[in-house]
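Note sheet for the following structure.
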Amino acid sequence: MRCLFALSLIFGLSAAAQASDTAPIGIVKEVIGTATIEQGDRKITPQVGADIFLNDDVSTGADGGIGISLNDSTTLSLGENSRLRIDRFVYEPQANKLGFGMEVMQGTLSYLSGKIGAIAPEQVSVATPSMTIGIRGTKFLLKVKPVQ
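What follows is the structure in structure tokens.
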């Protein structure tokens, strides 16, 4: 009986740790036209209110656009034929743990900084196929041409 309890405790703690690792980092606020979110092997058509998770690939088609609000109030707006991945998002201000990083593979992106950028701007970075930049401002527009 003790062994069964110990096993269930171990599996329960493991599941709780896994759930915290997969907590949403934001939500979809707006969808126009064609947009897709790839979550691992799963591909979904986002709806307003859909969760965004770390390492999701967010893309839009020729008629598409998507608006995302992250848990620190950062807002991202992707234009047509765009693709990005948020590969770092840490928002634990009480523990002084902050960080945000994304890769924009192609297209247009409008970025409005949230609390991470306001509190720790040196912890915000954006990568493209040709460069990585540190963000010190609160708002920018980025256009990335597809790699040929």
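If you're matching positions, the sequence shown starts at 122 in the working numbering and goes up one per residue.
From the three backbone atoms N, C-alpha and C, an ideal C-beta is built for every residue, glycine too.
Asked: Tell me whether SER203 is buried or exposed, calling it buried when 16 or more other Cβ atoms sit within 10 Å of its Cβ.; Found: buried
Asked: Rounded to the nearest angstrom, what separates GLU213 and GLY147 at their Cα positions?; Found: 14 Å
Asked: For ASP201, which residues of its own chain have a beta-carbon under 8 Å away from its beta-carbon, when the five flanking residues on both sides are left out?; Found: Asp is not the amino acid found at residue 201; the sequence shown has Glu there. Excluding sequence neighbours, GLU201 sits near GLY154, THR181, GLY182, ALA183, ASP184, GLY185, GLY186, GLY228 and THR229.
Asked: Need the endpoints of the alpha helix (DSSP H) that LEU237 sits in, please.; Found: For the record, residue 237 in the displayed sequence is Ile; it is not Leu. Taken as a continuous stretch (DSSP letters only), the alpha helix (DSSP H) holding ILE237 covers 236-240.
Asked: Tell me whether PHE261, by its Cβ, gets closer than 6 Å to a heavy atom of the ligand GDP.; Found: The model depicted lacks the ligand GDP and carries no ligand whatsoever.
Asked: GLY222 and ASP208: beta carbons closer than 7 Å?; Found: yes
Asked: When you compare only the Cα positions, how much space is there between VAL152 and GLN215?; Found: 33 Å
Asked: Entirely within the region 161-193 and at least 3 residues each: give me those beta strand (DSSP E) ranges in chain order.; Found: 163-165, 178-181 and 186-191
Asked: Roughly how many angstroms separate the alpha carbons of SER194 and ASP162, rounded to a whole number?; Found: 28 Å
Asked: Does the beta-carbon of ILE165 have 16 or more other beta-carbons within 10 angstroms, so that it is buried, or is it exposed?; Found: exposed
Asked: Please confirm whether SER190 and SER231 have their CB atoms less than 7 Å apart.; Found: no
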